[in-house]
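Numbering (the UniProt record's numbering), first residue to last: 1 to 114. C-beta: ideal position from N, C-alpha, C; glycine also. Only a predicted model underlies this, so the values are computations on that prediction, with no experimental measurement involved. Data first, discussion second: the structure below is written as structure tokens.
Structure below.
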């Protein structure tokens with residue numbers, strides 16, 4: 001079951017493709033930053049492992065050596081991610097209850113116009 005916030009997300013990777021010339025990648029210079037790095041490990045850090053708080057999480061191998069994330073670190077990350085989910089769900093619910101005119105007014109720089 002998807003949480004409310006997840007249903008509003010889009011698949012930016014599919015939308016942008018694998019091109020390193022998208023404006024976002026050019027701005028962040030990630031292609032340059034991650035050059036000659038293990039993309040397997042980078043991708044593994046972006047995934048949430050199954051909820052197994054008592055086990056270390058294998059991120060992948062780097063130059064023949066396994067790279068692990070400790071069970072303690074994974075437990076802390078799970079708590080942080082749960083808190084972020086709650087925060088974004090609450091922000092979205094607040095936004096949904098805020099009148100349109102108020103949202104327009106909050107989004108302006110001029111006090112008399114929106």
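Next item on the list: Please determine, among 23, 69, 82, 24, the residue with the shortest C-alpha to C-alpha distance to residue 42.
Entry: Residue nearest to residue 42 within the set 23, 69, 82, 24 is 69 (criterion: CA-CA distance).
Check: Mapping DSSP to helix, strand and coil, what is residue 65?
Finding: Shown here, residue 65 sits in a strand according to DSSP, grouped into three states.
Check: What are the boundary residues of the alpha helix (DSSP H) that includes residue 26?
Finding: Counting along the chain, the alpha helix (DSSP H) containing residue 26 begins and ends at 23-28.
Notebook entry, point to check: Given a threshold of 16 other Cβ atoms within 10 Å of its Cβ, counted over all protein chains shown, does residue 100 qualify as buried or as exposed?
Noted result: By the 10 Å Cβ count, residue 100 comes out exposed.
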